[in-house]
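Have a look at the structure below before the remarks.
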Amino acid sequence: MSGARDLPAAPVDKALPGHSDEDTRRRGPAGYLLMLPGGLWLALFFVVPTVTLVSTSLYDPSGSLALGYQMTGHWQNYTQSLSDYSPQIVRSFLYALMATAACVLLGFPLAYAIAFKAGRWKYVMLVAVIAPFFTSFLVRTLAWQYLLGDNEFLVSMLRKVHILGSDGYLLDTPFAVVTGLTYGFLPFMVLPLYASLEKIDPRLLEAGADLYASPLSVFRHVTLPLAMPGLVAGTLLTFIPASGDYINAELLGNPRTRMVGNEIQDLFGAGDYPTAAALSVTLMVAIVVLVLVYVRRAGTEELL
Amino acid sequence: MSGDLTLTSVTKSFGRFTAVDDLYLTIPEGSFFALLGPSGCGKTTTLRMVAGLEEPTAGTITLGEQDITRLKPYKRPVNTVFQSYALFPHLTIAQNVAFGRRRQGHKNVDSEVEKMLELVELQAMAKRRPAQLSGGQQQRVALARALINQPQVLLLDEPLGALDLKLRRQMQIELKRIQTEVGLTFVHVTHDQEEAMTMADTVAVMNGGRIEQLGAPEELYEAPATTFVANFLGQSNLVAGKVVGRDGSVIHLDVEGTAITAGSARARSDEGDVWVGVRPEKVYISEKDEERGDELNCLVGGVVSDVSFVGVSTQYLVRMPWGQELTVFEQNTGNRERFRPGDPVDLLWRPEHTFLLDASQDAAAGVDREGE
Amino acid sequence: MGRAGRWLGEHLLLFLGLLVLLYMFVPVFVVILMSFNDPASRNSYTFDGFTLHNWANICEPYQMCSSLALSLRIGFFATLGATLLGTLMAFAMARHRFRGRGAVSLFIFLPMATPEIVMGSSLLALFVSSGAAGILGFWTIFIAHVLFCLSFVVVTVKARLAGLDPRLEQAAMDLYANEWQTFWRVTFPLVFPGILAAALLSFSLSFDDFIITNLNAGQEVTFPMFVWGAAQRGIPPQINVIGTIMFVVALVIVASGELGSRRRAGKLGT
């Protein structure tokens, strides 16, 4: 196919600043009207609940769901939950970080291969990245439970080659939890990375090879900086949900691998809404701080 | 005439930027009219106002008797061939061409479409999609898609800009042929002066939202009205001079101490300081003190500073005693040897080839043009 | 080295990528395999023998098919709601000028950057504190699902709209199509693949969600909640039948979506 893509782009009259903006973006009330339903939904069910969550976190925990809570500005909920659950909070971020790192290591070669090496199999490979998604997340996590099971192929193999001891196991370990997290969020890393890499003109890589010679420095000085937006988006889309997840910790871990999500869920289950809310707010604040620091360091503020 | 396109005092501002400034223009029915200028001169904005894609800030646009200034684009008997063609990627070529006819409520358009595709020699491509066509083919589809509606005015927005040189020449001839055949008014926007001169009956040179000069291509070229036109349309040598007297239609000048003459027909200014202009191909480069006729203008004491061989001609840069470098084009007839850098030479030209411009203008206006 | 080394260098990355893809598919293979499992006991999750029983008796496990029906129903309505609201918002953002667009972009981004557990607990806090704990059920799940799908729809459709050359719409207007015809003949067909992708994404997000749903479902049980419960009690192999069916259906939709968009494009405008 020698389509129009191969032809040089038509010269564009670029002397009118904001010119194309001027005639494609209309003024007037229509924009607000289109925005209204979705905006209301976000305001009512995202902004308002966040406020409610914060205020719930300050209720007196001695109340109950049936009797109602007293708003007492009970900030001790925070000190209490921090002192009770700081190991789980730290663990959550640690596991999420490890899973994110693993996702980068696995996702980058895959995204790169799809973008530059797949040729006409590009579309098929992209579908293949998304396809496993459609088999329910929980069902796939259960499949990992099976794959990592004590008497299954993987463990017996590892025992045979003495990577694991003769009574070594994988299921119910931190390794299993991180594996599950990595697996679950890998597509969120691959897709934004691919989107960034795909925009790179392969001629740039050739020019890089021409100027820097070594493939490694081409990667460092050309590919990586250009892939940065995708990498940042991918790490955020992986790290954030992973740090709040509890499905993997529950199905693939043990009581010592519990993450903060497990605790929040259990506290809600037990009816201790104020403490659960306080823990939730703590998690949210911690994530916001981490993300802001990260994005600033990565130098890609415009993403937010 | 009934179908003239007339712009009266049209102004268009984007915020504080004035793209088109108090423009008056009449384009006669059936003419091939070119709006020529560098990017940002307001030519595309003018075109878009005629198409109805932009509303003038002030002024009126009429087509024949009808005021179309504020008419929606789909209510005007005007069609556009867009810069990047803007073919609908989800429709086949035939569907693209039929689009306008169908929107106007015509039912049986198949034979019309076929005839149009025949005109642009693309019958075989009817079932393909735009992405499967080459740039030149896409351009022809865009043309057919507009022409099928038999508009009173066809607007062409840099229609050949995306094509390579060879294809562009071919399409220029093709467009000209079609225009003669269908006899519609064509308004062609371009920054390519050669393209404008080859195709159009009338060329308007635009700069900074205003029209600098309007006329037949030869007229603009031989008798430019401003330094901008002199430099943007081809190349010019502009030398500072002073009018010292007048003798009927002959104007006597002093240029750096040398007396020369010019005809009043090409004089835009005939007193005081002027720019004395002459086109490089009109200048004859001669050996120092070579014998010559008295009727010629002559500037002596030049030294060749650069020689570039460009095939059909040789381009010389000659440094004059007062430091200015003048350009001379000479046909490669092979009748004599080329000069070399350092050779002492004189420059000669016929007085009637001299044009005079108002000295208050910038002699370098329009020199640095893009896309050349 | 030499030619072999060069070949390896050229194909190493492709090979690595395929290996990662394989890793992504391993659990899917397990799910497909297990859908034919004939477990020796209720709690056994090892492959004990081949049977077609699970496929012939999909709805055998108590509550499984009712939970599946609920998930499909919620998925359908949440997709409809989120796609509609999100598409309108995407058009507003791409095509209209209004105040506070920075704030709006932030509020569209934030839900995607909120961990599910936090979003779920905020919604629960809202429902409970407004005294609506009693109504937890279908509608609260619907509200939550539309909420977390909405941002993804906006982002997907907006990207598609941003890639649309405004000259195409101008060309349509120039060719005698009024605003309405321009929208339906040109804008919509060209944006449609984006809307379809957004709807597919919404459905899969909704169908798959457990954490937010679990907090706001009241007495209702969705399919992921059923799986979760089963994981504690013993997993019926029919779960894997459902997983396999979802996988196959998704593949068919993606493949036919691609073919369909080509054919549909061929019919429009004639």
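Residue numbers (UniProt numbering), protein chains in the order written: chain A, 1 to 304; chain B, 1 to 372; chain C, 1 to 270. Where a beta carbon is used, it is the ideal one built from N, C-alpha and C, also for glycine.
Chain-ordered chain C contacts of Pro229/A [CB-CB under 9 angstroms]:
Residue mapping note: residue 229/A aligns to position 229 of the first sequence, counting from 1. Chain-order list of chain C residues neighbouring Pro229/A: empty, with the shortest C-beta distance near 13 angstroms, by a criterion of under 9 angstroms.
Using a Cβ-Cβ cutoff of 9 angstroms, what residues of the region 83-95 of chain B are near chain C? List them in chain order.
Taking 9 angstroms as the Cβ-Cβ cut-off against chain C, the residues of the region 83-95 of chain B that qualify are Gln83, Ser84, Tyr85, Ala86, Leu87, Phe88, Pro89, His90, Leu91, Thr92, Ala94 and Gln95.
Mark Lys267/C as exposed unless 16 or more other C-beta atoms lie within 10 angstroms of its C-beta, in which case mark it buried.
For the purposes of this step, residue 267/C is taken as residue 267 along the third sequence, with counting starting at 1. Bear in mind that a pLDDT of 47 at Lys267/C, under 50, signals an unreliable position, so the number given afterwards is only what the model happens to contain. That one is exposed.
Which class does Cys298/B belong to by DSSP, given the choice of helix, strand or coil?
Here residue 298/B is taken as the residue at index 298 of the second sequence, counted from 1. If DSSP states are grouped into helix, strand and coil, Cys298/B belongs with the strands.
DSSP three-state assignment for His53/C, whether helix, strand or coil
For the purposes of this step, residue 53/C is identified with residue 53 of the third sequence, where counting begins at 1. Reduced to three states, the DSSP call for His53/C is helix.
If the criterion is Cβ atoms closer than 9 angstroms, does the pair Leu181/A and Ala242/A meet it?
Taking the first sequence and counting its residues from 1, the one referred to as residue 181/A is at position 181. Taking the first sequence and counting its residues from 1, the one referred to as residue 242/A is at position 242. Yes, they are a contact pair.
Simplified DSSP assignment, three categories, for Arg26/A
Stepping through the first sequence from its first residue, residue 26/A is reached at position 26. Reduced to three states, the DSSP call for Arg26/A is strand.
Does the beta-carbon distance from Cys149/C to Leu201/C come in below 9 angstroms?
Taking the third sequence and counting its residues from 1, one reaches residue 149/C at position 149. Taking the third sequence and counting its residues from 1, one reaches residue 201/C at position 201. Yes, Cβ-Cβ distance for Cys149/C and Leu201/C is below 9 angstroms.
Test item: CB-CB of Glu195/B and Gln213/B under 9 angstroms
Taking the first residue of the second sequence as 1, we reach residue 195/B at position 195. Taking the first residue of the second sequence as 1, we reach residue 213/B at position 213. Gln213/B is positioned such that its CB atom lies no closer than 9 angstroms to that of Glu195/B.
Given that Asn108/B touches chain C, what residues does it touch there, using C-beta distances under 8 angstroms?
Start at 1 with the first residue of the second sequence, and residue 108/B comes out as number 108. Among the residues of chain C, none has a CB under 8 angstroms from the CB of Asn108/B; the nearest is roughly 13 angstroms distant.
Measuring CA to CA, which of Leu88/C, Phe50/C and Thr83/C is closest to Leu33/A?
Indexing the first sequence from 1 puts residue 33/A at position 33. That would be Leu88/C, whose Cα lies nearest to the Cα of Leu33/A.
Would you call the CB atoms of Leu299/B and Leu326/B closer than 9 angstroms?
By one-based count along the second sequence, residue 299/B stands at place 299. By one-based count along the second sequence, residue 326/B stands at place 326. Yes, these two residues count as a Cβ contact at 9 angstroms.
Any C-beta of chain B sitting closer than 9 angstroms to the C-beta of Tyr62/C?
Here residue 62/C corresponds to residue number 62 of the third sequence, with the count starting at 1. No, Tyr62/C lies away from the interface with chain B (no Cβ there is under 9 angstroms from its Cβ).
Using CA atoms only, rank isn't needed, just tell me which of Ser313/B, Pro351/B, Ala230/B and Phe339/B is closest to His252/B.
Sequence index remark: in the second sequence, residue 252/B carries index 252 (1-based). Put simply, of Ser313/B, Pro351/B, Ala230/B and Phe339/B the residue whose alpha carbon is nearest the alpha carbon of His252/B is Pro351/B.
Pick from Ser196/A, Thr257/A, Leu42/A and Glu206/A that is closest to Val90/A, judged by C-alpha positions:
Position 90 of the first sequence, counted from the start, is the residue given in the question as residue 90/A. Distance check between Val90/A and each of Ser196/A, Thr257/A, Leu42/A and Glu206/A places Thr257/A closest, using alpha-carbon atoms only.
State yes or no: is the beta carbon of Val249/C nearer than 9 angstroms to at least one beta carbon in chain B?
The sequence position of residue 249/C within the third sequence is 249, counting from 1. With 9 angstroms as the cut-off, Val249/C does not count as an interface residue toward chain B.
Length of the line joining the Cα atoms of Thr6/B and Gly64/B
The residue given as residue 6/B occupies position 6 in the second sequence. The residue given as residue 64/B occupies position 64 in the second sequence. Note on geometry: alpha-carbon atoms of Thr6/B and Gly64/B lie some 8 angstroms from one another.
Taking Asp208/C as the query, report the chain A residues whose CB atoms sit under 7 angstroms from its CB, ordered along the chain.
What you label residue 208/C is simply residue 208 of the third sequence in a count that begins at 1. Neighbourhood of Asp208/C in chain A, by CB distance below 7 angstroms: Ser136 and Phe137, in chain order.
Would you kindly work out how many angstroms separate the C-alpha atoms of Leu85/C and Val186/C, rounded to a whole number?
By 1-based counting over the third sequence, the position of residue 85/C is 85. By 1-based counting over the third sequence, the position of residue 186/C is 186. Put simply, the backbone Cα of Leu85/C is about 21 angstroms away from that of Val186/C.
Ala124/B, DSSP secondary structure in three states:
Within the second sequence, numbered from 1, the residue matching residue 124/B stands at position 124. Correct three-state label for Ala124/B: helix.
Determine the chain B residues that contact Met173/C at a beta-carbon separation under 8 angstroms, and present them in chain order.
Within the third sequence, the letter at position 173 stands for residue 173/C. Simply Gly52, Leu53, Lys72, Pro73 and Tyr74.
Out of Asn240/C, Val104/C and Pro115/C, state which residue places its alpha-carbon closest to the alpha-carbon of Met259/A.
One-based indexing of the first sequence puts residue 259/A at position 259. Residue Pro115/C is the option with its Cα nearest to Met259/A.
List the residues that DSSP assigns as beta-bridge partners of His96/C.
On the third sequence, residue 96/C is found 96 positions in, with the first residue counted as 1. The partner list for His96/C (beta bridge, DSSP) reads Arg26/A.
Which chain B residues sit within Cβ distance under 8 angstroms of Val241/C?
Here residue 241/C refers to the residue found at position 241 when the third sequence is read from its first residue. The premise fails here: Val241/C is roughly 39 angstroms from chain B at the closest Cβ pair, so nothing lies under 8 angstroms.
If the criterion is Cβ atoms closer than 9 angstroms, does the pair Ser136/A and Val227/C meet it?
For the purposes of this step, residue 136/A is identified with residue 136 of the first sequence, where counting begins at 1. For the purposes of this step, residue 227/C is identified with residue 227 of the third sequence, where counting begins at 1. By the CB criterion at 9 angstroms, Ser136/A and Val227/C fall inside the cutoff.
With a Cβ-Cβ cutoff of 9 angstroms, do Ile211/B and Ala200/B count as a contact?
The residue given as residue 211/B occupies position 211 in the second sequence. The residue given as residue 200/B occupies position 200 in the second sequence. Against a cut-off of 9 angstroms, the Cβ pair of Ala200/B and Ile211/B comes out as no contact.
Determine the extent of the beta strand (DSSP E) in which Glu330/B is found, giving its start and end residues.
For this step, residue 330/B is matched to residue 330 along the second sequence. For Glu330/B, the uninterrupted beta strand (DSSP E) run begins and ends at Glu325 to Gln331, by DSSP.
For Leu190/C and chain B, any beta-carbon pair shorter than 9 angstroms?
Indexing the third sequence from 1 puts residue 190/C at position 190. Chain B, which has a Cβ nearer than 9 angstroms to the Cβ of Leu190/C, makes this yes.
Between the region 159-187 of chain C and chain A, which residues of the former have CB atoms less than 7 angstroms from a CB of the latter, in chain order?
Going along the region 159-187 of chain C in chain order, one finds Pro166 with a Cβ nearer than 7 angstroms to chain A.
Spell out whether any CB of chain C is found under 9 angstroms from the CB atom of Glu152/A.
The count along the first sequence starts at 1 and reaches residue 152/A at position 152. It does: the Cβ of Glu152/A has a partner Cβ on chain C nearer than 9 angstroms.
Hey, Asn79/B and Pro130/B are a contact pair by Cβ (cut 8 angstroms); roughly how many whole angstroms apart?
Along the second sequence, one-based indexing puts residue 79/B at 79. Along the second sequence, one-based indexing puts residue 130/B at 130. Beta-carbon to beta-carbon, Asn79/B and Pro130/B are separated by about 17 angstroms, too far to satisfy the 8 angstroms threshold.
Taking C-beta pairs closer than 9 angstroms, name the residues in chain A that Arg233/C reaches, listed in chain order.
Taking the first residue of the third sequence as 1, we reach residue 233/C at position 233. The CB of Arg233/C never comes closer than 9 angstroms to any CB in chain A; the least such distance is about 13 angstroms.
Going along chain C in order, which residues have a C-beta closer than 7 angstroms to the C-beta of Gly301/B?
Within the second sequence, the letter at position 301 stands for residue 301/B. Going along chain C, no residue has its Cβ under 7 angstroms from Gly301/B, so there is no contact; the nearest lies around 56 angstroms.
Between Tyr294/A and chain C, is the shortest Cβ-Cβ distance under 9 angstroms, so that the two count as touching?
As a first step, residue 294/A must be located in the first sequence, where it is residue number 294. Interface flag for Tyr294/A against chain C is unset, since no Cβ pair is found closer than 9 angstroms.
Under a three-way DSSP split, which group does Ser196/A fall into?
The residue labelled residue 196/A in the question sits at position 196 within the first sequence. The DSSP-derived three-state label of Ser196/A is helix.
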